[in-house]
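Q: All residue numbers for the sequence shown refer to the working numbering, where the first residue is 1 and numbers rise by one.
C-beta: ideal position from N, C-alpha, C; glycine also.
Note that the coordinates shown come from a computational prediction; the quantities given were computed from them, not determined experimentally.
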Amino acid sequence: MKTEVAIIGAGPAGLLLGHLLRAEGIEAVIVERASPDYVLGRIRAGVLERTTTDLMDRLGLGARLHAEGLPHDGFHLADGERLIRIDIAALTGRQVMVYGQTELTRDLMEAAPERGLEIIYEAADVALHDVDGDRPYLTYSKGGSAHRIDAAFLCGCDGFHGPSRQAIPKSMAAAYEKIYPFGWLGILADVPPCNHELIYANHERGFALASMRSERRSRYYVQVSLEDKVEDWPDDRLWDELAARLGPAAASHMVRGPALEKSIAPLRSFVSEPMRHGRLMLAGDSAHIVPPTGAKGLNLAASDVHYLSQALIGYFKRRDRDAIAGYSDKALARVWKSERFSWQLTRLMHRFPDGDAFDRRMQVAELDYIASSVAAQTSIAENYVGLPL
Ligand code: RFL
Ligand code: PHB
Numbered sequence: 001m002k003t004e005v006a007i008i009g010a011g012p013a014g015l016l017l018g019h020l021l022r023a024e025g026i027e028a029v030i031v032e033r034a035s036p037d038y039v040l041g042r043i044r045a046g047v048l049e050r051t052t053t054d055l056m057d058r059l060g061l062g063a064r065l066h067a068e069g070l071p072h073d074g075f076h077l078a079d080g081e082r083l084i085r086i087d088i089a090a091l092t093g094r095q096v097m098v099y100g101q102t103e104l105t106r107d108l109m110e111a112a113p114e115r116g117l118e119i120i121y122e123a124a125d126v127a128l129h130d131v132d133g134d135r136p137y138l139t140y141s142k143g144g145s146a147h148r149i150d151a152a153f154l155c156g157c158d159g160f161h162g163p164s165r166q167a168i169p170k171s172m173a174a175a176y177e178k179i180y181p182f183g184w185l186g187i188l189a190d191v192p193p194c195n196h197e198l199i200y201a202n203h204e205r206g207f208a209l210a211s212m213r214s215e216r217r218s219r220y221y222v223q224v225s226l227e228d229k230v231e232d233w234p235d236d237r238l239w240d241e242l243a244a245r246l247g248p249a250a251a252s253h254m255v256r257g258p259a260l261e262k263s264i265a266p267l268r269s270f271v272s273e274p275m276r277h278g279r280l281m282l283a284g285d286s287a288h289i290v291p292p293t294g295a296k297g298l299n300l301a302a303s304d305v306h307y308l309s310q311a312l313i314g315y316f317k318r319r320d321r322d323a324i325a326g327y328s329d330k331a332l333a334r335v336w337k338s339e340r341f342s343w344q345l346t347r348l349m350h351r352f353p354d355g356d357a358f359d360r361r362m363q364v365a366e367l368d369y370i371a372s373s374v375a376a377q378t379s380i381a382e383n384y385v386g387l388p389l
C-alpha cells in the first residue's frame with residue numbers, strides 16, 4: 001500500500017493527527033497493534049484543555065463532548081484541613097472540560113470511516129524502515145501475512161513502549177527522565193462524585209485525587225508504594241483511604257460502590273529529543289511522559305499533533321520543508337513547560353518516601369504562598385487550562 005502519511009498508533013495522538021490530515025485532503029493510514037475494544041478499554045485521562053476541545057470542534061467532532069462533558073471553572077488543592085480553590089475561570093477566562101479519554105477516542109474512532117481515515121487494527125510486528133531516507137516505509141503482519149506501507153512521512157504516535165522512538169539512532173537522541181518513588185492506584189465507580197470540582201490532596205498518608213467522568217461516575221486515585229499490587233487494595237480499603245486522605249468534607253459526601261476498574265500506574269517524567277529524525281516524527285507519549293498530576297499527557301499529545309499537522313499540511317500544500325524541520329523545536333518548547341508544571345505539582349502534592357522535615361516545610365510554605373497570592377494562583381491556573389499554542 002502507498003499513502004502520504006503512515007501513522008503508528010491509534011491512541012488520541014494518532015487518531016487526532018489522522019483526522020486533521022484527512023480534513024485537508026491528505027492521505028493517512030493508521031496501524032494499531034491492539035483491537036478497537038482494547039483501545040477503548042484503557043481508562044486514562046479525564047481533563048481536557050480548551051486547546052484539545054478546540055481541535056475536536058475544528059474537526060466538527062465536538063458535539064458529544066459539549067453535550068456530555070462537564071465544563072469546570074476551578075479545582076482544589078487540599079492539605080490537611082485546608083482547601084485552596086484555584087478559580088481558573090476567574091483567573092484565566094477559560095474552563096477545562098471533564099470528558100474521558102475513552103469517550104474522546106470513541107468519537108474519533110467512530111468518525112474515521114466516513115472521513116476516509118483507514119485504521120488497521122491488530123497489526124503485529126510493526127517495524128519502521130529507511131526513516132532518514134526519501135522513501136520510508138513500515139512493515140507489519142496481520143492474519144498470518146506480511147504487509148508493507150510506503151509513505152512520504154511516518155508519524156510515531158505509538159505511546160511510550162512503541163517502536164517509533166527506538167527507530168531514531170541512540171546517537172541522534174537525548175533522553176531526560178525522572179522516575180518517581182510511588183504510583184497511582186485508580187478506581188472507577190458508578191457513584192456520584194464527592195465534590196463538583198476536582199480535589200488534589202496532600203495528606204500525611206500520601207496524595208489522593210477526587211475526579212469524575214460524569215454526574216454518575218467517579219474516578220479516584222491514591223498514591224501507593226511501587227511494591228503495591230491491585231490485590232493489596234480491596235475496594236473497602238481503598239474507599240477508607242480516600243476518605244481519610246481527601247478530608248472530612250469530601251468524605252462526608254463520598255458514595256462508595258464496586259470498582260468498575262482498578263489499576264496501578266507508575267509516575268514518570270520523560271522527554272526524548274529531538275521529536276523528528278529524517279522523515280519520522282514523534283507525537284504524544286512516544287516522545288514524552290508527564291506524571292498525571294497536572295492532567296497534561298493527553299493535552300500535550302493534542303498540542304503536538306496540532307503542530308505536526310500544520311507542518312505536514314505546509315509540506316503537502318506548499319512544499320514547505322521548513323515547517324517539517326521546525327516541528328520538533330516548536331513542539332518541545334511547549335512540552336518542557338508542561339513537564340515543568342507536572343513535575344512541580346507532583347512535588348508539591350505527594351509525600352516522598354525519602355522526603356525530610358525540610359521538604360515538608362517547603363510544601364507547606366508553597367501552599368501558604370499559593371493560598372495568599374493571586375499571582376501564584378494565576379500561574380497555576382494558566383498552566384492548568386493550557387498554555388497558548
Ligand atoms: P497512547 O494513548 O498510549 O496510544 C498509543 C497507541 O499506540 C499503540 N501501539 C502500537 N501500535 C502499533 N504497533 C506497536 N508496536 C504499538 N505499540 C503501541 C497502542 O496500542 C496505543 O493505541 O498514546 P498517545 O496517543 O500519545 O496519548 C497519550 C495519552 O494517552 C496519555 O498521555 C494520557 O492518558 C495521560 N494521562 C492524562 N492526560 C491528560 O491530559 N489528562 C489527564 O487527566 C490524564 N490522566 C493519564 C491520566 C495517564 C494515566 N495513565 C494510566 C498512564 C491518568 C492516568 C492514570
Ligand atoms: C482523571 O480524571 O483521570 C484525572 C484527572 C486529573 C488528573 C489526572 C487524572 O490530574
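Between valine 385 and valine 96, which are expected to be in contact by the criterion C-beta below 8 Å, what is the C-beta distance as a whole number of angstroms?
A: The sequence position of residue 385 within the sequence shown is 385, counting from 1. The sequence position of residue 96 within the sequence shown is 96, counting from 1. Confirmed, about 6 Å.
Q: Is alanine 189 near the ligand PHB - that is, is its Cβ less than 7 Å away from at least one heavy atom of it?
A: Counting from one through the sequence shown, the residue named residue 189 turns up at place 189. No.
Q: Please look up how many angstroms separate the CB atoms of glycine 69 and glutamate 32, rounded, as I've assumed it's under 8 Å.
A: Numbered from its first residue, the sequence shown carries residue 69 at position 69. Numbered from its first residue, the sequence shown carries residue 32 at position 32. With 8 Å as the limit, glycine 69 and glutamate 32 do not qualify as a contact, their Cβ atoms being about 25 Å apart.
Q: Using only the alpha-carbon positions, how far apart do tyrosine 307 and glutamine 166 sit?
A: To locate residue 307, count along the sequence shown from 1; it is residue 307. To locate residue 166, count along the sequence shown from 1; it is residue 166. Each residue's alpha carbon lies about 22 Å from the other.
Q: Compute the Euclidean distance between the alpha carbons of aspartate 285 and glycine 294, then round it to the nearest angstrom.
A: Here residue 285 is taken as the residue at index 285 of the sequence shown, counted from 1. Here residue 294 is taken as the residue at index 294 of the sequence shown, counted from 1. Answer to the nearest angstrom: the Cα atoms are 15 Å apart.
Q: Alpha carbon to alpha carbon, how far is glycine 326 from serine 309? Give it in angstroms, no decimals.
A: Position 309 of the sequence shown holds residue 309. Position 326 of the sequence shown holds residue 326. The alpha-carbon atoms of serine 309 and glycine 326 are separated by roughly 12 Å.
Q: Contact defined as beta carbons within less than 8 Å: I believe tryptophan 184 pairs with serine 269. What is the distance between those atoms, to the nearest angstrom?
A: Numbered from 1 along the sequence shown, position 184 holds the residue referred to as residue 184. Numbered from 1 along the sequence shown, position 269 holds the residue referred to as residue 269. Tryptophan 184 to serine 269, Cβ: 14 Å. No contact.
Q: Go ahead and pull the three-state DSSP assignment for aspartate 79.
A: Taking the first residue of the sequence shown as position 1, residue 79 is located at position 79. Strand.
Q: Is aspartate 107 near the ligand RFL, with its Cβ less than 7 Å from a heavy atom?
A: The count along the sequence shown starts at 1 and reaches residue 107 at position 107. For the ligand RFL, not one heavy atom lies less than 7 Å from the Cβ of aspartate 107.
Q: With distances taken Cα to Cα, identify the nearest neighbour of alanine 249 among Asp235, Ala210, Ala265.
A: By one-based count along the sequence shown, residue 249 stands at place 249. The candidate whose alpha carbon is nearest that of alanine 249 is Ala210.
Q: What first and last residue would you give for the beta strand (DSSP E) that runs through glutamate 197?
A: Taking the first residue of the sequence shown as 1, we reach residue 197 at position 197. Where glutamate 197 is concerned, there is no enclosing beta strand (DSSP E), given that its DSSP letter is neither H nor E.
Q: Under the rule that 16 or more other beta-carbon atoms within 10 Å means buried, what is lysine 330, buried or exposed?
A: Here residue 330 refers to the residue found at position 330 of the sequence shown. Buried, since its Cβ has 16 or more Cβ neighbours within 10 Å.
Q: Only counting the same chain, and skipping five residues up and downstream in sequence, which positions put a Cβ closer than 8 Å to that of aspartate 73?
A: Counting from 1 along the sequence shown, the entry for residue 73 is found at position 73. If we look at aspartate 73 and ignore the five residues flanking it on each side, its Cβ neighbours are Asp87, Ile88, Ala89, Ala90, Gln95, Glu197.
Q: Three or more C-beta pairs under 8 Å: does that hold for the region 211-225 against the region 186-194?
A: These segments touch.
Q: Rounding to the nearest angstrom, what Cα-Cα distance links glutamate 27 and glycine 62 in this structure?
A: Position 27 of the sequence shown, counting from 1, holds the residue named residue 27. Position 62 of the sequence shown, counting from 1, holds the residue named residue 62. Taking the straight line joining both Cα atoms gives about 23 Å.
Q: Is glutamine 223 near the ligand RFL, with its Cβ less than 7 Å from a heavy atom?
A: To locate residue 223, count along the sequence shown from 1; it is residue 223. Not under cutoff, so the answer is no.
Q: Kindly confirm or deny that the region 101-119 and the region 35-49 touch, where touching means at least three C-beta pairs closer than 8 Å.
A: Flag = yes, the region 101-119 and the region 35-49 touch.
Q: Are the beta-carbon atoms of tryptophan 239 and lysine 262 separated by less than 8 Å?
A: Within the sequence shown, residue 239 is the residue found at index 239, counting from 1. Within the sequence shown, residue 262 is the residue found at index 262, counting from 1. No, the pair does not count as a contact, with Cβ atoms beyond the cut-off.
Q: Cβ of proline 292 within 7 Å of any heavy atom in the ligand PHB?
A: Position 292 of the sequence shown holds residue 292. Because some heavy atom of the ligand PHB lies under 7 Å away, the Cβ of proline 292 counts as near it: yes.
Q: What three-state label does DSSP hand glycine 355 in the structure shown?
A: The sequence position of residue 355 within the sequence shown is 355, counting from 1. Reduced to three states, the DSSP call for glycine 355 is coil.
Q: Along the chain, which unbroken stretches of the alpha helix (DSSP H) at least 4 residues long are found entirely within the region 243-302?
A: As far as the region 243-302 is concerned, its whole alpha helix (DSSP H) runs of at least 4 residues are 248-253.
Q: Which stretch, first to last residue, makes up the beta strand (DSSP E) that contains methionine 172?
A: Along the sequence shown, one-based indexing puts residue 172 at 172. Methionine 172 -> no beta strand (DSSP E), and no H or E assigned at all.
Q: Would you mind reading off the limits of the alpha helix (DSSP H) that contains tyrosine 220?
A: Taking the first residue of the sequence shown as position 1, residue 220 is located at position 220. Not the alpha helix (DSSP H): tyrosine 220 falls in the beta strand (DSSP E), residues 218-224.
Q: Quick check on DSSP: helix, strand or coil for methionine 349?
A: Numbered from its first residue, the sequence shown carries residue 349 at position 349. The answer is helix: DSSP assigns methionine 349 an H, G or I state.
Q: Looking at the structure shown, is valine 29 part of a helix, part of a strand, or coil, going by DSSP?
A: Counted from its first residue, the sequence shown places residue 29 at position 29. Three-state result, valine 29: strand.
Q: Could you give the first and the last residue of the continuous beta strand (DSSP E) run that contains glutamate 4?
A: Along the sequence shown, read from residue 1 onward, the residue named residue 4 stands at position 4. From DSSP, the beta strand (DSSP E) with glutamate 4 extends over 2-8.
Q: Give me the Cα-Cα distance between serine 35 and arginine 351, rounded to the nearest whole angstrom.
A: Position 35 of the sequence shown, counted from the first residue, corresponds to residue 35. Position 351 of the sequence shown, counted from the first residue, corresponds to residue 351. Roughly 38 Å separates the two Cα atoms.
Q: State buried or exposed for phenylalanine 182, treating a residue as buried only when at least 16 other CB atoms are found within 10 Å of its CB.
A: Along the sequence shown, one-based indexing puts residue 182 at 182. Buried, since its Cβ has 16 or more Cβ neighbours within 10 Å.
Q: Quick one: what's got a C-beta closer than 7 Å to aspartate 158's C-beta in the same chain, skipping five residues either side?
A: On the sequence shown, position 158 is the one that residue 158 refers to. Excluding residues within five positions, the ones whose Cβ falls inside 7 Å are Ile8, Gly9, Ser164, Ser286.
Q: Should the region 273-292 be called in touch with the region 144-163, which here means at least 3 C-beta pairs below 8 Å?
A: In short, these stretches touch, since the Cβ pair count reaches three.
Q: What residue from Ser338, Leu332, Val29 has the CA that sits closest to leucine 387's CA?
A: Numbered from its first residue, the sequence shown carries residue 387 at position 387. If we check each option's Cα against that of leucine 387, Ser338 comes out closest.
Q: Considering only the alpha carbon of each residue, which of Phe153, Met109, Ala13 lies closest to aspartate 304?
A: Translated into the one-based positions of the sequence shown, residue 304 becomes position 304. Ranking the options by Cα distance to aspartate 304, first place goes to Ala13.
Q: Cβ of glutamate 32 within 7 Å of any heavy atom in the ligand RFL?
A: As a position in the sequence shown, residue 32 is number 32, starting the count at 1. The answer is yes for glutamate 32.
Q: Measure the C-alpha to C-alpha separation of histidine 19 and alanine 112 and round it to an integer number of angstroms.
A: Locating residue 19 in the sequence shown gives position 19, where the first residue counts as 1. Locating residue 112 in the sequence shown gives position 112, where the first residue counts as 1. Answer to the nearest angstrom: the Cα atoms are 7 Å apart.
Q: Let's see if you can read the secondary structure: which residues bound the alpha helix (DSSP H) around serine 373?
A: Here the question's residue 373 lines up with position 373 in the sequence shown. It is not in any alpha helix (DSSP H) - serine 373 carries neither H nor E in the DSSP assignment.
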